[in-house]
Each structure stands twice: as structure tokens, then as C-alpha cells.
Amino acid sequence: MDVYSTKGVEPAVEALEHGDVSQRPHSVSSNTLPSLRLVSALIRKNRNRSKEVHREVLVDMGQIQYSEKYFDDTYEYRHVVLPPEVAKLLPKNRLLSENEWRAIGVQQSRGWVHYAIHRPEPHIMLFRRPINYQQQQEAAAAQMLPK
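So for the sequence shown, this note's numbering puts the first residue at 1; every next one is plus one.
1. Report yes or no: do the region 94 to 102 and the region 113 to 132 share at least 3 C-beta pairs separated by less than 8 Å?
2. In terms of residue numbering, what span does the beta strand (DSSP E) encompassing glutamate 76 cover?
3. My understanding is that glutamate 76 touches arginine 128, with C-beta atoms under 8 Å, so please give their C-beta distance in whole angstroms.
4. Beta strand (DSSP E) containing arginine 129: first to last residue?
5. Since glutamine 135 contacts tyrosine 66 with CB under 8 Å, what's their CB separation in whole angstroms?
6. Counting C-beta neighbours from all protein chains within 10 Å, is the total for methionine 144 16 or more, i.e. buried, or is it exposed?
7. Just the C-alpha distance for glutamate 68 and glycine 62, rounded to the nearest angstrom, thanks.
8. Checking the sheet assignment: what are the DSSP bridge partners for valine 113?
9. Cβ of isoleucine 124 within 8 Å of Cβ of valine 86?
10. Buried or exposed for glutamine 137, please, with buried defined as at least 16 other CB atoms from any protein chain shown within 10 angstroms of its CB.
11. Going by other Cβ atoms of all chains shown within 10 Å of its Cβ, with 16 needed for buried, is alanine 140 buried or exposed?
12. Tell me the residue span of the alpha helix (DSSP H) that contains asparagine 99.
13. If distances are taken between C-alpha atoms only, which option among Leu90, Tyr133 and Leu126 comes closest to arginine 78?
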């Protein structure tokens with residue numbers, strides 16, 4: 001099998017989405033397909049966070065697309081485009097915490113906050129963080145060091 005081939009992965013994704021973990025392909029591993037990752041997403045269904053949904057999906061991490069950063073006077077922004085099999089795991093009426101968006105495979109540096117849902121395109125996650133976030137963190141760390 002070609003290292004970057006995803007041939008044969010779609011049936012496994014479908015089986016996992018329907019809860020049939022026994023259909024997980026044993027030939028698909030992090031050694032044979034380094035861009036694939038089994039994402040186990042814990043998504044809470046409602047605001048009071050009492051009901052949880054646990055889903056496993058085989059995700060081609062290369063399919064998650066990250067925009068360049070863009071800025072205004074207060075924040076830096078970026079958006080993340082998710083593949084359909086991950087996007088359908090997202091709750092429809094609330095934002096995700098950092099732990100939740102990391103659990104579905106989004107990878108980015110610290111400080112980013114999922115701040116809005118664009119209803120016409122729910123597969124696009126919108127993130128922002130204060131414009132000087134990294135400099136502020138470095139300054140705070142420098143103050144903690146003994147002199």
C-alpha cells in the first residue's frame with residue numbers, strides 16, 4: 001500500500017461513525033499512514049454538559065486546512081476547514097473549548113479561542129487570540145525566572 005494512500009479508508013470511517021469498532025482496519029496504523037489518526041471525540045450535546053457523545057473517526061490529518069493569520073487592532077484570527085467526517089461531530093449551537101477542538105484533531109499553538117460559528121459553513125471553525133498573546137506569555141515567563 002502506498003504510504004499516503006487513503007484507499008479503503010472510507011468504509012472504515014463509515015463503520016466507525018455507526019459505532020462498529022470491530023470494522024477498524026488493522027492494516028491502517030500510524031506506521032503505514034502517518035497522516036491518518038483515529039480521533040476519539042468527546043462532544044457534549046448541550047450547555048449544561050450533562051449528556052456526552054463519544055465518537056471515533058479515522059481522520060486524514062492532512063485534510064484539516066489552516067488559514068494564514070489575519071489581524072485587526074485587537075486580535076489575530078485564523079480559520080480551520082474541517083473534513084466532512086469531523087465537521088458532523090461538531091455541536092450545532094455552541095462553541096468548542098480548547099480540549100474539545102484539540103480532541104477532534106485541530107492542532108495549533110496556545111491562546112487560540114473558538115469564538116464564532118458561521119452558520120452557512122459550520123465545517124469552518126473561526127479562531128482568534130489577542131494580537132500580542134505570544135509576547136505577553138514570553139514576558140510573563142521571563143518575570144517568573146529568578147534574577
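C-beta: ideal position from N, C-alpha, C; glycine also. None of the values given here were measured: they were computed from a predicted structure.
Let me lay it out:
1. Segments in contact, yes.
2. 75 to 81
3. Between arginine 128 and glutamate 76 the Cβ distance is about 7 Å, and since that is below 8 Å, they are a contact.
4. 124 to 130
5. Contact doesn't hold; Cβ gap of about 21 Å is too wide.
6. exposed
7. 16 Å
8. Valine 113 is bridged to Arg128.
9. Remark: C-beta atoms of isoleucine 124 and valine 86 do not approach each other more closely than 8 Å.
10. exposed
11. When all chains shown are included, alanine 140 counts as exposed.
12. 98 to 103
13. Leu126
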